[in-house]
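If you use our numbering, the sequence shown corresponds to residues 422 to 560, in order. C-beta atoms are modelled at their ideal positions from N, C-alpha and C, and glycine is treated no differently. This structure is a prediction, so every number in the text was calculated from the model and none was measured.
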Amino acid sequence: MGKLKVTSSPHIRAITSTRMIMLDVILALLPAAIMGCIIYGIRALLVLLACVCFSVLSEQIFCLIAKKKQTVGDLSAVVTGLILGLNLRASAPIWQCLVGSVKMTCFEFTVDHTKLGEPVTHLHITPPSGCCYVHGSGG
Numbered sequence: 422m423g424k425l426k427v428t429s430s431p432h433i434r435a436i437t438s439t440r441m442i443m444l445d446v447i448l449a450l451l452p453a454a455i456m457g458c459i460i461y462g463i464r465a466l467l468v469l470l471a472c473v474c475f476s477v478l479s480e481q482i483f484c485l486i487a488k489k490k491q492t493v494g495d496l497s498a499v500v501t502g503l504i505l506g507l508n509l510r511a512s513a514p515i516w517q518c519l520v521g522s523v524k525m526t527c528f529e530f531t532v533d534h535t536k537l538g539e540p541v542t543h544l545h546i547t548p549p550s551g552c553c554y555v556h557g558s559g560g
């Protein structure tokens, strides 16, 4: 009998990328987005598109300013924009889409002290804080 290898879960492994996971999330959010646009009209579509565009643009600008590798291709900014757009009301002003997208994409970062004396910063997307920020500012 061969040796058994004891490992932590998950025991089934698959080769997936962040892009594929985000694409799955986008596909899961599309029915809600489509129904929102059907029920609330073209204004809801405009809010969704504004949130997604502002999220992608702010992530790209943040990566340029911070001199980090461009991560727009992993679709996480699209997911962030979709989540914000689905949380805002259809009559939300465009400036709230901009402020929420920038806050959610750029200003939510954490500092990991995994290596002693060498902090590593990375983006930490937290849509609820951006939504609370926008809703608390009159939205």
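Applying the criterion that 16 or more other CB atoms from any shown protein chain within 10 Å of the CB defines a buried residue, is residue i buried or exposed?
{"i": "Met441", "result": "exposed"}
{"i": "Val468", "result": "buried"}
{"i": "Lys426", "result": "exposed"}
Along the alpha helix (DSSP H) that carries residue i, what are the first and last residues, could you check?
{"i": "Thr439", "result": "Thr439 to Tyr461"}
{"i": "Ile515", "result": "Ile515 to Cys527"}
{"i": "Ile504", "result": "Ser497 to Asn508"}
Using a threshold of 7 Å, is the CB atom of residue i nearer than that to any non-hydrogen atom of the ligand FMN?
{"i": "Pro452", "result": "The ligand FMN is not part of this structure, which contains no ligands at all."}
Can you list, in chain order, the residues of its chain with a C-beta nearer than 7 Å to that of residue i? Leave out the 5 residues immediately preceding and following it.
{"i": "Ala498", "result": "Ser476, Val477, Glu480 and Thr526"}
{"i": "Ile463", "result": "none"}
{"i": "Val446", "result": "Val500"}
{"i": "Ser429", "result": "none"}
{"i": "Ile515", "result": "Ala471"}
Take residue i and list the residues in its own chain whose beta-carbon comes closer than 6 Å to its own, dropping the five residues that flank it on each side.
{"i": "Arg510", "result": "none"}
{"i": "Gln491", "result": "Cys484"}
{"i": "Cys458", "result": "Ala465 and Leu466"}
Residues in its own chain within less than 8 Å of residue i by CB, not counting five upstream and five downstream?
{"i": "Leu444", "result": "Leu496"}
{"i": "Ser438", "result": "Asp495"}
{"i": "Leu507", "result": "Leu450, Ala453, Ala454, Gly457 and Leu469"}
Open item on the list: For the structure I just gave you, are there three or more beta carbon pairs, one from the segment 443-456 and one from the segment 490-503, closer than 8 Å?
Closed with: In this structure the segment 443-456 touches the segment 490-503; the number of beta carbon pairs closer than 8 Å is three or more.
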